[in-house]
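From first to last, the protein sequence lines stand for chains A and B. Our numbering numbers the first residue of the first sequence as 25 and each following residue consecutively. Our numbering numbers the first residue of the second sequence as 46 and each following residue consecutively. This report refers to the structure that appears directly beneath it.
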Amino acid sequence: DAKTTQPNSMESNEEEPVHLPCNHSTISGTDYIHWYRQLPSQGPEYVIHGLTSNVNNRMASLAIAEDRKSSTLILHRATLRDAAVYYCILRDVIGNQGGKLIFGQGTELSVKP
Amino acid sequence: SQTIHQWPATLVQPVGSPLSLECTVEGTSNPNLYWYRQAAGRGLQLLFYSVGIGQISSEVPQNLSASRPQDRQFILSSKKLLLSDSGFYLCAWGWRGRNTGELFFGEGSRLTVL
Numbered sequence: 025d026a027k028t029t030q031p032n033s034m035e036s037n038e039e040e041p042v043h044l045p046c047n048h049s050t051i052s053g054t055d056y057i058h059w060y061r062q063l064p065s066q067g068p069e070y071v072i073h074g075l076t077s078n079v080n081n082r083m084a085s086l087a088i089a090e091d092r093k094s095s096t097l098i099l100h101r102a103t104l105r106d107a108a109v110y111y112c113i114l115r116d117v118i119g120n121q122g123g124k125l126i127f128g129q130g131t132e133l134s135v136k137p
Numbered sequence: 046s047q048t049i050h051q052w053p054a055t056l057v058q059p060v061g062s063p064l065s066l067e068c069t070v071e072g073t074s075n076p077n078l079y080w081y082r083q084a085a086g087r088g089l090q091l092l093f094y095s096v097g098i099g100q101i102s103s104e105v106p107q108n109l110s111a112s113r114p115q116d117r118q119f120i121l122s123s124k125k126l127l128l129s130d131s132g133f134y135l136c137a138w139g140w141r142g143r144n145t146g147e148l149f150f151g152e153g154s155r156l157t158v159l
């Protein structure tokens with residue numbers, strides 16, 4: 025699986041937008057970009073995923089670079105409940121038997137009131 | 046709707062004792078099933094995954110084993126626990142054949158080996 029690189033930690037202020045970057049320079053054409061987040065002492069939860077086009081859902085937006093070598097998860101208005109570890113994961117849709125997700129170290133987001 | 050149950054939520058076991066963690070999924074059929082472990086700090090390590098009854102793939106060699114005796118039941122076991130087996134164990138399921146879909150995680154089992 026292609027690897028991703030994320031900052032170890034980021035800080036945000038409550039009610040401000042947050043841009044969480046992810047680099048994936050070795051991404052292949054069949055890799056989808058997935059984002060999950062993990063609140064303390066809980067299992068990860070799905071946030072969003074995309075292939076080439078930018079994606080929006082009720083939780084966040086995903087902006088994907090034109091060359092697909094990087095992406096950014098955007099939380100439009102951070103709340104205290106958004107404090108979590110955010111994982112950017114590449115998931116091969118073709119050669120990935122069992123649909124595995126391979127997690128990296130993620131970015132720990134702290135939100136200040 | 047689909048749900049995933051995992052138990053026990055916490056357990057403290059002595060070194061050398063056996064382990065059994067159980068995970069069941071409701072509301073779907075033929076799911077892909079996964080066991081992950083999270084040691085102190087971040088990063089989830091994929092331990093096992095299964096695409097069907099009796100079909101287990103191991104990602105990391107260790108003294109743990111997994112079994113899938115029924116379609117929606119996934120069990121993680123050990124005959125003799127090591128101190129290094131301590132961690133947060135997470136079961137997850139995903140739709141079979143949909144590698145673009147999300148994985149749904151259980152609430153986890155926290156294991157402390159003393």
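All residues carry an ideal CB built from backbone N, CA and C; glycine is no exception. Every value quoted in this text rests on a predicted model; they were computed, and no experiment measured them.
Identify which residue in the options has its Cα closest to the Cα of residue i.
i                            : options                               : result
arginine 61 of chain A       : B/Leu159, B/Leu78, B/Arg87            : B/Arg87
aspartate 55 of chain A      : A/His73, A/Glu35, A/Val117            : A/Val117
tryptophan 52 of chain B     : B/Ala137, B/Leu92, B/Gly142, B/Leu148 : B/Ala137
glutamate 39 of chain A      : A/Ile57, A/Gln129, A/Asp106, A/Ser95  : A/Asp106
phenylalanine 127 of chain A : A/Ser36, A/Ile57, A/Met34             : A/Ile57
leucine 114 of chain A       : A/Ala89, A/Leu75, A/Ala108, A/Ala102  : A/Leu75
arginine 113 of chain B      : B/Leu92, B/Gly97, B/Pro59             : B/Gly97
tyrosine 110 of chain A      : A/Ala102, A/Ile88, A/Ser77, A/Leu63   : A/Leu63
tyrosine 79 of chain B       : B/Lys124, B/Ser62, B/Ala111           : B/Ala111
arginine 117 of chain B      : B/Thr73, B/Ala84, B/Gly142            : B/Thr73
glutamine 129 of chain A     : B/Ile49, B/Ala85, B/His50, B/Ser62    : B/Ala85
serine 62 of chain B         : B/Lys124, B/Leu135, B/Arg141          : B/Lys124
I'd like to check one pair, residue j with residue i: are the Cβ atoms closer than 8 Å?
i                        : j                            : result
threonine 131 of chain A : proline 31 of chain A        : yes
asparagine 77 of chain B : glycine 139 of chain B       : yes
arginine 155 of chain B  : phenylalanine 133 of chain B : yes
serine 131 of chain B    : leucine 64 of chain B        : no
histidine 43 of chain A  : threonine 96 of chain A      : yes
leucine 148 of chain B   : leucine 125 of chain A       : yes
serine 36 of chain A     : alanine 102 of chain A       : yes
Straight-line CA distance for residue i to residue j?
i                        : j                        : result
isoleucine 98 of chain A : tyrosine 81 of chain B   : 27 Å
glycine 146 of chain B   : tryptophan 59 of chain A : 12 Å
glutamate 67 of chain B  : valine 57 of chain B     : 16 Å
proline 45 of chain A    : leucine 86 of chain A    : 10 Å
cysteine 112 of chain A  : leucine 104 of chain A   : 21 Å
glutamine 66 of chain A  : valine 70 of chain B     : 17 Å
leucine 89 of chain B    : glutamine 107 of chain B : 16 Å
glutamine 115 of chain B : valine 60 of chain B     : 29 Å
serine 94 of chain A     : threonine 50 of chain A  : 10 Å
glycine 53 of chain A    : methionine 34 of chain A : 29 Å
tyrosine 94 of chain B   : glutamine 47 of chain B  : 19 Å
proline 41 of chain A    : histidine 73 of chain A  : 19 Å
glutamine 83 of chain B  : threonine 55 of chain B  : 14 Å
So residue i contacts chain D; which residues on that side make the cut at Cβ distance below 7 Å?
i                        : result
glutamate 152 of chain B : In summary, chain D is missing from the structure at hand, where the protein chains are A and B.
For residue i, is the classification buried or exposed, using 16 other Cβ atoms within 10 angstroms of its Cβ as the cut-off for buried?
i                        : result
aspartate 91 of chain A  : exposed
histidine 100 of chain A : exposed
threonine 172 of chain A : Missing from the structure shown is residue 172 of chain A; chain A here goes from 25 to 137 and no further.
serine 129 of chain B    : exposed
valine 71 of chain A     : buried
valine 158 of chain B    : buried
glycine 151 of chain B   : buried
serine 127 of chain B    : Note on residue identity: the sequence assigns leucine, not serine, to residue 127 of chain B. It counts as exposed.
glycine 153 of chain B   : buried
alanine 108 of chain A   : buried
Practice task
Decide yes or no for the touch test of the stretch 122 to 136 of chain A against the stretch 70 to 84 of chain A: beta carbon pairs closer than 8 Å, at least 3 of them.
Solution key: no
Problem - Touch test, the stretch 118 to 128 of chain A against the stretch 93 to 111 of chain B, Cβ-Cβ under 8 Å, three pairs minimum - result: yes
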